[in-house]
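The sequence shown begins at 6 in this note's numbering and counts up one residue at a time. Quick reminder that beta carbons are idealized off the backbone N, C-alpha and C, glycines included.
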Amino acid sequence: MSSGDDLRSPSKAQRVALIAISASLYAVGSYITSYIESPWGVGQFRPAVVIPLLFAIAYGPAVGGLGAALGTFLASLVRYGQPFLTLVSGTPGNLVGFYIVGLLHKRFTWSRFLVLSFLGLLIGNLIAAFGVLSAAYLGVYPPIASMAAHPLGVQASFVFGLTLFWMVTMWPFALFLVPLILRSTSGLLPAQIRHHLQRPYEARFSFSLAFSAVGLLALLIGVIALQFPGAFAPAGAYAAGAISTIFTAMGVLLLGAGLVYALRRPK
């Protein structure tokens, strides 16, 4: 199942099957948490991003990107009863983000996983956040239509805040769950990935640093939301309090996870 430099080259039939499996799992996983929304009232808590991330790493960009796009489209269609919001936000964001992860992950290493999982999620979430803002201008999702009337600074804070919410609630799950799932399913993975799974501590410091960095960022956002509620306008005072609580709690947990990773010893 090898082709050129990329060791993750399934046949066309296998690729179609893998896309269908990834999309189905991602749709179900996304829908389960779809009613847990961001403090802005749009954008969901979605730990299920680990699913297309795994498929992108193991089976390449087409499987990762298309599976993610179809999965989020189906989940949003069921959740909202219409496809218009996701067509301009989540669907293109997932497609591009996970395609990038799969495209650049031709040779798996733990360090590359850390960098590319962060990069893919950041790009995908930025696209999705800008897409949500565009939905306000297009009028395809009435609950956020008023956003189009706000000043550009407020709109920028909305896009920035929504992107950070997704990053802080997605990337830690990727850091924690993806290595566990890869090891538990190693028999189904290409040989080159299995080789690196046997060396889980080669990037221990990098994992610790990643958890700690995103934890500090979350704490910073929590403090800003508490001291300067207007920074996350038009979320409102109540939402600013929720932002502060959520990000502060996540920050403490992630800093703790970073410490645990730093203190772990090879068996």
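- Under the three-state reduction of DSSP output, glutamine 87 falls in the coil class, being neither helix nor strand.
- Counting the other CB atoms within 10 Å of its CB gives serine 249 a total of 16 or more, which places it among the buried residues.
- Phenylalanine 103 sits away from glycine 65, with the two beta carbons spaced by 8 angstroms or more.
- In its chain, beyond the 5 residues on either side, Ser191 have a beta carbon closer than 7 angstroms to the beta carbon of arginine 199.
- Within 10 angstroms of the beta-carbon of proline 15 lie 16 or more other beta-carbons, which makes it buried.
- Bounds of the alpha helix (DSSP H) holding alanine 63 are 55–64.
- One Cα belongs to leucine 264, the other to alanine 223, and the distance between them is close to 16 angstroms.
- Distance from the Cα of proline 195 is smallest, within the candidate group Ser213, His155, Pro44, Lys111, for Lys111.
- Our two residues, serine 217 and alanine 262, have alpha carbons roughly 7 angstroms apart in a direct line.
- For threonine 174, the enclosing alpha helix (DSSP H) covers residues 157–189.
- If you draw a 10 Å sphere on the C-beta of proline 156, you find fewer than 16 other C-beta atoms in it, and that means exposed.
- If you draw a straight line from the Cα of alanine 80 to the Cα of isoleucine 149, it is about 19 angstroms long.
- For tyrosine 36, the enclosing alpha helix (DSSP H) stretches over residues 17–37.
- Glutamine 232 is not bridged by DSSP to any residue.
- Our two residues, tyrosine 146 and glutamine 197, have alpha carbons roughly 45 angstroms apart in a direct line.
- The alpha carbon of phenylalanine 60 has as its nearest neighbour, out of Gly76, Arg84, Ile251, Gln87, the alpha carbon of Gly76.
- Three or more Cβ pairs drawn from the region 43–59 and the region 19–32 lie within less than 8 angstroms of each other, which places the two stretches in contact.
- Bounds of the alpha helix (DSSP H) holding serine 116 are 115–143.
- By the Cβ neighbour-count rule, glycine 86 is exposed, with fewer than 16 other Cβ atoms within 10 Å of its own.
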